[in-house]
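All remarks here apply to the structure that follows.
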Amino acid sequence: MSRIFPYPLLTIALTLMWLLLQQSAGLGHILLGFAVAWSASQAMAKLQPHRPIIRRPGLVLKLFALVTVDIIRSNIAVSRIVLAGDRRETTAGFIKMPLELRDPAGLAVLSCIITATPGSAWLEYSPAESSVLIHVLDLIDDEEWVQTVKQRYEVLLLEIFR
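Last residue of the sequence shown? That's 439 in the working numbering, and every number before it is there in order.
Spelled out as structure tokens, the structure:
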């Protein structure tokens, strides 16, 4: 069964995404979406990616809720910066942040969180130094930003993937 459906959740998720994008649940769309999703699942199996082990699945919901709230807050803050124009002084900058997180899946999730949050972008990860370079649109205090990311996201990701 696992050779036929190596990533069943991926197959289901991609099929549902296909149906949402097509805005139709007709038999043809279901079959075509499933074929595309199954092909993607087979391609993933050939690549043999690292399979993450989620140690604390309950924390995933907490992290999701936290990230959702932070994205909404950041959207509001970035909107204010953009709409204020030159009336408000903003200082964009770069932060080099050391990380304790080493798990590839955890790093991927952290990069998605940082990049999906308006006003910040994950630019570069250095495995040798275990640090990440982040661009922040409105950088006031480097250390405060580092502590925010480490305390809000990295701690949860360490518990989820360790």
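For every residue, glycine included, the Cβ atom is placed at its ideal position computed from N, Cα and C.
Computed from a predicted model, the values in this text were never measured in an experiment.
Under the three-state DSSP convention, the category residue i falls into
| i | result |
| --- | --- |
| residue 370 | strand |
| residue 402 | strand |
| residue 416 | coil |
| residue 307 | helix |
| residue 316 | helix |
Contacts around residue i, its chain only, beta-carbon distance under 6 Å, and the 5 residues preceding and following it disregarded
| i | result |
| --- | --- |
| residue 407 | 376 |
| residue 355 | 395, 396 |
Opening and closing residue of the alpha helix (DSSP H) in which residue i lies
| i | result |
| --- | --- |
| residue 381 | 381–393 |
| residue 285 | 285–299 |
| residue 325 | Run containing residue 325: none; DSSP gives neither H nor E here. |
| residue 335 | 335–361 |
| residue 282 | Residue 282 -> no alpha helix (DSSP H), and no H or E assigned at all. |
| residue 331 | That residue, residue 331, is in no alpha helix (DSSP H); it is neither H nor E in DSSP. |
| residue 436 | 432–438 |
Classification of residue i by the beta-carbon crowding that lies within 10 angstroms, buried from 16 upward
| i | result |
| --- | --- |
| residue 314 | buried |
| residue 318 | buried |
| residue 292 | buried |
| residue 303 | exposed |
| residue 426 | buried |
| residue 335 | exposed |
When the options are compared against residue i, the one with the closest alpha-carbon
| i | options | result |
| --- | --- | --- |
| residue 372 | 279, 415, 337 | 415 |
| residue 283 | 316, 295, 307, 293 | 316 |
| residue 337 | 310, 400, 386 | 386 |
| residue 398 | 405, 384, 404, 413 | 413 |
| residue 417 | 391, 366, 383 | 366 |
| residue 392 | 421, 352, 424, 310 | 352 |
| residue 435 | 332, 374, 388, 403 | 332 |
8 Å CB neighbourhood of residue i in its chain, flanking five on each side removed
| i | result |
| --- | --- |
| residue 321 | 283, 284, 287 |
Close Cβ partners of residue i (< 7 Å) along its chain, the five nearest in sequence each way excluded
| i | result |
| --- | --- |
| residue 382 | 327, 329, 438 |
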